[in-house]
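Structure first, commentary second.
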Amino acid sequence: MLGGKQIGDARVWPAPDAHPDPFTDYEFLLHGTIDRATLALGVALGARWGVAPHQALISTGRLDAEDYTRALARHCGVGFVEPEQRHRLVPPAPALRPRDCLRTGLLKQRGARVRAVLAGDNRNPADLRRGLAGIDKRFLALAPQPAVRAAICRHFETAFKGHAAEGLHRRDPDRSAKSPLPRWIIGTLTAAAIAIAGSLAVSFTDTIRVLSLLTAALFVPIAGLRIAALWHFATKAGAPIRAVPRIPDAALPVYTLLVPLLREAAVVGRLTDALKRLDYPAAKLDIKLILEETDHETLAAVRALRLPGNFELVVAPDFAPRTKPKALNFAMPLARGDYVVIYDAEDLPEPDQLRKALHGFRVGPPNLACVQAKLNLYNAGQSWLTKQFTLEYTALFDGLLPALSAFGLPIPLGGTSNHFRISALKWLSGWDAYNVTEDADLGIRLARAGYSCGVIDSTTHEEAPPHLRLWVAQRTRWMKGYIQTYLVHMRHPRRTLRELGWRGFLGFQLMVGGTVLSALVHPWFYALAAYDFVRSTLFAAPAGLLGWPIWGLAAFVFLGGYGGALALAAFAARKRRHRLLLPQIALMPAYWLLVSWGTYRGLWHFVTKRFAWEKTPHGLARIMPPSGLRNNGRAPHSPV
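Our numbering puts the sequence shown at residues -3 to 636.
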């Protein structure tokens, strides 16, 4: 209480003037902070974007938040909290929660004279002056909003850490990979392994035939899904692309970008350039660069960039588990947007992606919680491995995922460029900090909660690992995470079936369980084919009771599974104009053997180091991104 007013209560602040005079309101900035031309630009941008002039200037880097807040404090006759004093900023009341402090932007400063502290750079001058009427200004000070938010994170560090690491596990331990496997899963897997080993010892040939029949039967729906995806792609490939209506800048909501970074000093400059080029009002971009406090090199690189005020550096303390989803969870309470998107360090999103995502949400069903942008690779031609990786990505994101969305099946999301309604994300307690493919897991959890996911026609270009060692490490983590995800959601299969329905449950089995199973079994099909070839029985007429069923199923799986996958990759690559990659399609079965290697390694890591995160280094590409994605000009919304 200051002068009879409760500072933290928004009701004491008068409504903004209906017709404010921005030049008069901001004239105090002309005394050494900015010049008249810059103020005029801020007024013009603010009018176009539907924000205050100072917010427009801060977000474009033409006005520093520190300078604005200091000048505003002097103009209003209140104190300013200098950097060396900010360690004394604490919540105004012990019972307040972090979200209360973040919502009000109100703290207090401990010391000889206790002062209420407001975040100054989110206040209009005229509104602030009127709100201060009748208040003893000796007991009030302003601080820049980033400093206030940093103080909140510092004071509530334990709560932030608990939410980041344990939020989902505390709320619903059965849906977190941290919880141990139930006994029935361990018992079933153990019994199956013993039964197979015993059968092989008793009758090797008959056991192989039975296993081949069972495996082929399991792969029939996987082959069917690939054929259906190929049909969907072929029928939609020639459809005209509908133009996305352009929403006026003033009507656009605040959009949060969460960008986790770890040892990414080599690429952070290119990343921030790409984010500056997004076709979206800078003042409505809430960009969080999330770094670890121990990553001194990347921290120094980010600070050296002198980024504009719509970038916020979120420094997470060093605590377990050391995973990407934990970092995302740590920054989530700081998000100011109605929508949030995840980008990785090497990402180069197309400039129109946020607008296309918003359009997708607006025309989609009410339960649409996420839209996935397509992913592709800009260094496709660097090596044989990157060529194969590009074919795989193109088939997945251009062909298979759109088909899953059209069929109403759960989508195991990609690790980046997923756009969420933040309300749905918070309802699900964010990401599972202990799942190393938090993206795929979140897609299944969304489906189980009754939400749907879609795919938008906008691409984020990424860097493929050019070296085998790096590729295998990345694939190991992915497949380990798929194993985690499958076992987590099969803890209570009847519950999962009830929540997903039969169709969704089957889609989950095919896309998550089937992905792992096919990679594990794939090399053994080659081994059996080689065994039959050596015995001159590969092309012999089927014999015995199970001969023809096995032959028929194998033929369908081969033609539908292999043929469908190769055809989908060919059509998708052709549409994306990866014509130089088309000769590589014949070598995709060899690439799948590498996928199997990564899967077996992932299975071993699941047993030995379940939560370890193998980091993929970036900045190794020898091929530059497409010129349209590089920062070779001003952002499309820039007025100058």
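For glycine and all other residues, C-beta sits at the position ideal for the given N, C-alpha and C.
Every value quoted in this text rests on a predicted model; they were computed, and no experiment measured them.
For residue i: DSSP bridge partner residues
i, result
"Glu288", "Ala312"
"Pro142", "Paired residues: none, contrary to the question."
"His457", "Leu344, Asn372"
"Cys366", "Phe416, Cys449"
"Ile131", "None, per the DSSP bridge assignment."
"Leu114", "Leu102, Leu138"
"Tyr558", "In the DSSP output, where bridge partners are listed per residue, Tyr558 has none listed."
"Ile338", "Leu254"
"Asp282", "Thr252"
"Gly645", "Outside the shown range of the chain, which is -3 to 636, sits residue 645, and nothing can be said about it."
"Ala86", "Ala is not the amino acid found at residue 86; the sequence shown has Val there. In DSSP, Val86 forms a bridge with Lys104."
"Phe307", "Ile283"
Rounded C-alpha distance that separates residue i from residue j
i, j, result
"Pro347", "Ile30", "30 Å"
"Ala305", "Pro241", "The amino acid occupying residue 305 in the given sequence is Gly; Ala does not appear at that position. Using only the alpha carbons, I get a separation of about 29 Å."
"Arg630", "Arg273", "Its pLDDT being 36, under 50, Arg630 is placed unreliably in this model, and the value from its coordinates should be taken loosely. Distance between the alpha carbons of Arg630 and Arg273: 7 Å."
"Gly411", "Ala436", "8 Å"
"Ala365", "Ile223", "28 Å"
"Val74", "Leu68", "9 Å"
"Val432", "Leu41", "42 Å"
"Arg259", "Leu506", "35 Å"
"His15", "Ala297", "Caution applies to His15, whose pLDDT of 47 falls short of 50 and renders its modelled position unreliable; the value that the coordinates give is listed next. The alpha-carbon atoms of His15 and Ala297 are separated by roughly 43 Å."
"Asp428", "Leu576", "39 Å"
"Gly426", "Leu164", "7 Å"
"Gly333", "Gly46", "15 Å"
"Ala137", "Gly107", "13 Å"
"Leu387", "Val311", "36 Å"
"Ser401", "Leu483", "23 Å"
"Phe607", "Pro176", "12 Å"
"Ala173", "Leu466", "25 Å"
"Pro650", "Glu495", "For residue 650 there is no data in the structure shown, the boundaries of the chain being -3 and 636."
"Lys104", "Arg145", "13 Å"
"Ser454", "Gly510", "28 Å"
"Trp600", "Leu330", "37 Å"
"Val517", "Phe215", "10 Å"
"Arg70", "Phe76", "8 Å"
CA nearest to the CA of residue i, picked from the options
i, options, result
"Pro406", "Gln470, Leu53, Gly500", "Gly500"
"Arg570", "Arg299, Ala391, Phe554, Pro94", "Ala391"
"Pro398", "Ala129, Lys352, Cys449, Glu342", "Cys449"
"Asp117", "Thr100, Leu271, His165", "Thr100"
"Gly594", "Asp528, Phe567, Arg473, Ala525", "Arg473"
"Gln561", "Gln105, Ala219, Ala36", "The displayed chain sequence assigns Ala, not Gln, to residue 561. Per the Cα distances, Ala219."
"Leu409", "Gly395, Ala586, Val517, Gly439", "Gly439"
"Ala300", "Lys280, Ala261, Phe602, Pro317", "Ala261"
"Ala161", "Pro317, Ala187, Ala566, Ala188", "Pro317"
"Ala213", "Phe403, Trp547, Gln141, Ala173", "Trp547"
"Arg351", "Ile452, Ala270, Leu267", "Ile452"
"Ala369", "Gly360, Pro345, Ala112, Asn375", "Pro345"
"Pro140", "Val206, Leu185, Thr65, Cys97", "Thr65"
"Phe326", "Val337, Gly356, Lys284", "Lys284"
"Pro519", "Lys605, Ala33, Ser208", "Ser208"
"Leu281", "Ala246, Gly265, Val263", "Ala246"
"Ala225", "Gly557, Ile192, Ser592, Trp498", "Gly557"
"Ala586", "Tyr522, Leu555, Phe567", "Tyr522"
"Ala568", "Asp394, Val591, Thr604", "Asp394"
Residue i classed as buried or exposed, judged by whether at least 16 other C-beta atoms fall within 10 angstroms
i, result
"Pro489", "exposed"
"Asn651", "The structure shown does not extend to residue 651, since the chain is modelled only from -3 through 636, so no value can be given for it."
"Glu78", "exposed"
"Ile148", "buried"
"Arg618", "exposed"
"Trp227", "exposed"
"Tyr339", "buried"
"Tyr653", "Because the chain spans -3 through 636 in this model, residue 653 falls outside it and cannot be assessed."
"Lys476", "buried"
"His574", "buried"
"Trp588", "buried"
"Asn363", "exposed"
"His83", "exposed"
"Ser514", "buried"
"Ala383", "The amino acid at residue 383 is misidentified as Ala; the sequence shows Lys. It is buried - the Cβ of Lys383 has at least 16 other Cβ atoms within 10 Å."
Any chain C beta carbon closer than 8 Å to residue i
i, result
"Leu53", "No chain C appears in the structure shown, which is made up of a single protein chain."
Stretch-stretch touch, CB-based, cutoff 8 Å, three pairs: the segment 377 to 392 with the segment 294 to 314: Segments in contact, no.
Sufficient close CB pairs (3 or more, under 8 Å) joining the segment 312 to 330 to the segment 263 to 277: The answer is no - the segment 263 to 277 does not touch the segment 312 to 330, with fewer than three Cβ pairs under 8 Å.
Inter-stretch contact (C-beta, 8 Å, three-pair minimum) for the segment 458 to 468 and the segment 604 to 616: By the C-beta criterion, the segment 458 to 468 is judged to be in contact with the segment 604 to 616, since at least 3 inter-stretch pairs fall below 8 Å.
Cβ contact (3+ pairs, closer than 8 Å) linking the segment 89 to 98 and the segment 139 to 156: The segment 89 to 98, when compared against the segment 139 to 156, does touch it at the 8 Å Cβ threshold.
Contact the segment 288 to 297 vs the segment 110 to 127: 3+ CB pairs below 8 Å: Verdict: no, contact absent.
Segment contact, 8 Å Cβ cut-off, at least three pairs: the segment 130 to 148 with the segment 18 to 26: The segment 130 to 148 and the segment 18 to 26 do not touch, with fewer than 3 CB-CB distances between them shorter than 8 Å.
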